[in-house]
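First comes the structure, then the notes that go with it.
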Amino acid sequence: MGTPSELPRAPTQPARPRRRSSSTLADVSTPTSPGDVIAGKYTIVETIGAGASGTVYRARRAGSRDSRDVVALKIMHADHAKSASEPENFAREAATLQSLQHPHIVRLLDYGHTEQGLPFLAFALLEGRTLDRRLRDEGSLDWGEVGWLALQVLK
(Lines of atoms letter the chains of each structure in order from A; the text may use other names.)
(Lines give C-alpha, C1' and ligand atoms only; values in the text may rest on other atoms or scores of the structure.)
Protein backbone atom coordinates (compact mmCIF):
# COMPACT_ATOMS: atom_id res chain seq x y z
CA MET A 13 0.00 0.00 0.00
CA GLY A 14 1.32 3.42 -0.64
CA THR A 15 -0.49 6.03 -2.63
CA PRO A 16 -3.92 7.27 -1.56
CA SER A 17 -5.47 5.51 -4.58
CA GLU A 18 -4.19 2.20 -3.19
CA LEU A 19 -5.61 2.70 0.30
CA PRO A 20 -8.06 0.08 1.58
CA ARG A 21 -11.76 0.53 1.09
CA ALA A 22 -13.92 0.84 4.16
CA PRO A 23 -15.28 -2.55 5.25
CA THR A 24 -19.01 -3.02 4.78
CA GLN A 25 -19.48 -4.50 8.25
CA PRO A 26 -20.59 -2.16 11.04
CA ALA A 27 -17.83 -1.09 13.40
CA ARG A 28 -17.47 -3.17 16.52
CA PRO A 29 -17.38 -1.40 19.88
CA ARG A 30 -13.86 -0.42 20.89
CA ARG A 31 -12.35 -2.26 23.80
CA ARG A 32 -11.18 -0.08 26.65
CA SER A 33 -7.75 -0.65 28.04
CA SER A 34 -6.46 0.22 31.47
CA SER A 35 -2.89 0.34 30.13
CA THR A 36 -0.78 3.39 30.70
CA LEU A 37 0.89 5.21 27.83
CA ALA A 38 4.23 3.65 28.72
CA ASP A 39 2.69 0.19 28.36
CA VAL A 40 1.35 0.81 24.85
CA SER A 41 3.86 3.11 23.20
CA THR A 42 5.62 1.94 20.08
CA PRO A 43 9.39 1.98 20.63
CA THR A 44 10.43 4.39 17.89
CA SER A 45 13.31 6.85 18.24
CA PRO A 46 14.60 9.83 16.25
CA GLY A 47 16.53 8.56 13.25
CA ASP A 48 14.52 5.34 12.91
CA VAL A 49 13.34 4.70 9.34
CA ILE A 50 9.78 3.42 8.98
CA ALA A 51 8.86 1.22 6.01
CA GLY A 52 11.89 2.55 4.15
CA LYS A 53 9.95 5.79 3.58
CA TYR A 54 9.96 7.99 6.69
CA THR A 55 12.68 9.02 9.14
CA ILE A 56 11.43 9.80 12.66
CA VAL A 57 12.34 13.31 13.83
CA GLU A 58 10.49 13.54 17.16
CA THR A 59 7.36 12.47 19.02
CA ILE A 60 4.45 14.91 18.68
CA GLY A 61 1.95 13.15 20.93
CA ALA A 62 0.28 9.90 21.84
CA GLY A 63 -3.24 8.65 22.29
CA ALA A 64 -5.04 5.47 23.19
CA SER A 65 -4.35 3.63 19.94
CA GLY A 66 -1.18 5.15 18.57
CA THR A 67 1.70 7.61 18.71
CA VAL A 68 2.14 10.51 16.31
CA TYR A 69 5.63 11.46 15.18
CA ARG A 70 7.08 14.30 13.17
CA ALA A 71 8.84 12.46 10.35
CA ARG A 72 10.61 13.35 7.14
CA ARG A 73 10.51 11.43 3.91
CA ALA A 74 13.59 9.21 4.04
CA GLY A 75 16.60 10.83 2.41
CA SER A 76 15.02 14.29 2.16
CA ARG A 77 16.16 17.48 3.85
CA ASP A 78 13.33 19.55 2.34
CA SER A 79 11.02 21.06 4.97
CA ARG A 80 8.08 20.38 2.64
CA ASP A 81 8.70 16.65 3.04
CA VAL A 82 7.78 16.61 6.76
CA VAL A 83 4.72 14.56 7.73
CA ALA A 84 2.76 13.57 10.81
CA LEU A 85 3.17 9.80 11.09
CA LYS A 86 0.63 7.95 13.26
CA ILE A 87 1.79 4.45 14.21
CA MET A 88 -0.54 2.03 15.97
CA HIS A 89 0.59 0.80 19.39
CA ALA A 90 1.84 -2.79 19.30
CA ASP A 91 -0.74 -4.07 21.78
CA HIS A 92 -3.57 -2.70 19.62
CA ALA A 93 -2.16 -4.37 16.50
CA LYS A 94 -2.63 -7.76 18.21
CA SER A 95 -6.38 -7.22 18.46
CA ALA A 96 -8.53 -8.59 15.66
CA SER A 97 -10.57 -5.38 15.35
CA GLU A 98 -8.04 -2.58 15.89
CA PRO A 99 -6.09 -2.99 12.62
CA GLU A 100 -9.46 -3.13 10.82
CA ASN A 101 -10.46 0.12 12.52
CA PHE A 102 -7.15 1.71 11.49
CA ALA A 103 -7.68 0.61 7.86
CA ARG A 104 -11.24 1.96 8.00
CA GLU A 105 -9.87 5.27 9.31
CA ALA A 106 -7.47 5.39 6.33
CA ALA A 107 -10.25 4.65 3.84
CA THR A 108 -12.54 7.22 5.41
CA LEU A 109 -9.87 9.90 5.44
CA GLN A 110 -9.01 9.16 1.83
CA SER A 111 -12.62 9.79 0.84
CA LEU A 112 -12.78 13.12 2.71
CA GLN A 113 -11.09 15.73 0.54
CA HIS A 114 -11.74 19.12 2.15
CA PRO A 115 -9.60 22.16 2.99
CA HIS A 116 -10.57 21.86 6.67
CA ILE A 117 -9.53 18.20 7.00
CA VAL A 118 -5.90 17.20 7.19
CA ARG A 119 -4.82 15.30 4.07
CA LEU A 120 -3.90 11.62 4.29
CA LEU A 121 -0.75 11.01 2.26
CA ASP A 122 0.03 7.35 2.85
CA TYR A 123 -1.04 4.17 4.62
CA GLY A 124 1.20 1.20 5.24
CA HIS A 125 2.89 -1.06 7.76
CA THR A 126 6.14 -0.80 9.66
CA GLU A 127 8.76 -3.50 9.42
CA GLN A 128 7.19 -4.99 12.57
CA GLY A 129 3.77 -5.11 10.89
CA LEU A 130 2.26 -2.14 12.75
CA PRO A 131 -0.15 -0.06 10.65
CA PHE A 132 0.71 3.60 10.09
CA LEU A 133 -0.94 6.65 8.56
CA ALA A 134 1.08 9.56 7.12
CA PHE A 135 -0.66 12.94 7.15
CA ALA A 136 0.26 16.38 5.96
CA LEU A 137 1.81 18.03 9.03
CA LEU A 138 -0.07 21.08 10.23
CA GLU A 139 2.05 23.54 12.16
CA GLY A 140 0.56 25.89 14.68
CA ARG A 141 -0.91 26.18 18.11
CA THR A 142 -3.55 23.71 19.23
CA LEU A 143 -6.87 24.84 20.66
CA ASP A 144 -5.83 23.29 23.97
CA ARG A 145 -2.63 25.38 24.03
CA ARG A 146 -4.60 28.52 23.08
CA LEU A 147 -7.04 27.96 25.96
CA ARG A 148 -4.22 27.37 28.45
CA ASP A 149 -2.32 30.45 27.27
CA GLU A 150 -5.19 32.92 26.98
CA GLY A 151 -8.20 31.48 28.75
CA SER A 152 -11.70 30.93 27.40
CA LEU A 153 -12.82 32.03 23.95
CA ASP A 154 -15.25 34.90 23.49
CA TRP A 155 -18.49 34.24 21.59
CA GLY A 156 -17.11 35.70 18.35
CA GLU A 157 -14.19 33.25 18.40
CA VAL A 158 -16.50 30.35 19.25
CA GLY A 159 -18.75 31.28 16.33
CA TRP A 160 -15.81 31.55 13.93
CA LEU A 161 -14.47 28.13 15.02
CA ALA A 162 -17.91 26.56 14.71
CA LEU A 163 -18.24 27.88 11.15
CA GLN A 164 -14.84 26.43 10.24
CA VAL A 165 -15.85 23.03 11.59
CA LEU A 166 -19.19 23.09 9.75
CA LYS A 167 -17.78 24.09 6.34
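Sequence positions in the sequence shown follow the working numbering and run 13 to 167.
Glycine included, every Cβ here is placed at the ideal spot set by N, Cα and C.
query: My guess is that tyrosine 123 and alanine 136 are in contact by the Cβ rule of under 8 angstroms, so how many angstroms apart are they, rounded?; result: Not confirmed; about 14 angstroms, so no contact.
query: Who pairs with isoleucine 117 in a beta bridge, going by DSSP?; result: None, per the DSSP bridge assignment.
query: Straight-line CA distance for leucine 37 to threonine 67?; result: Reliability fails at leucine 37, whose pLDDT of 35 lies under 50, so the model's placement of it is uncertain and the value that follows must be treated cautiously. The straight-line gap from Cα to Cα measures roughly 9 angstroms.
query: Only counting the same chain, and skipping five residues up and downstream in sequence, which positions put a Cβ closer than 6 angstroms to that of threonine 44?; result: Ile56
query: Evaluate alanine 93 with the Cβ neighbour count: other Cβ atoms within 10 Å of its Cβ, from every protein chain shown; 16 or more gives buried, anything less gives exposed.; result: buried
query: Excluding the 5 residues preceding and the 5 following arginine 21 in the sequence, name in chain order all residues of the same chain whose CB lies nearer than 6 angstroms to its CB.; result: Its pLDDT being 39, under 50, arginine 21 is placed unreliably by the model, and the measurement read from it follows with that caveat. Correct list, in chain order: Ala107.
query: In its own chain, which residues sit with a C-beta less than 7 angstroms from the C-beta of tryptophan 160, not counting the 5 before and 5 after it?; result: none
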